[in-house]
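This report refers to the structure that appears directly beneath it.
Residue numbers (our numbering): 37 to 108.
Next up, the structure:
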């Protein structure tokens, strides 16, 4: 992770904790160059696949439709 103070890309994680809901991770980091500490937050992004139909409609990917098509 890039240090917000000096721009160095090397750091070490000092502490990790999950958020109250368990969907966020808070990490306390220390830059290996300037030795300053900073906090980062990590959150899971749910990017589910979308299928674009011939008429330009978009619908969520459905695995069962693929399996049904393969069985025919």
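Here a beta-carbon is modelled for each residue, glycine too, at the ideal position from N, C-alpha and C.
Pairwise C-alpha distance: residue j and residue i
i	j	result
residue 105	residue 59	36 Å
residue 102	residue 52	40 Å
residue 88	residue 37	35 Å
Cutoff 6 Å; reference residue i; Cβ partners in own chain excluding five residues on either side
i	result
residue 79	60
residue 39	67
According to DSSP, residues forming a beta bridge with residue i
i	result
residue 85	DSSP output for residue 85 lists no bridge partner at all.
residue 96	86
residue 74	65
Beta-carbon proximity check, residue i vs residue j, cutoff 7 Å
i	j	result
residue 63	residue 76	yes
residue 115	residue 72	Missing from the structure shown is residue 115; the chain here goes from 37 to 108 and no further.
Nearest neighbour of residue i, chosen from the options [CA to CA]
i	options	result
residue 99	90, 92 and 84	84
residue 46	65, 56 and 88	65
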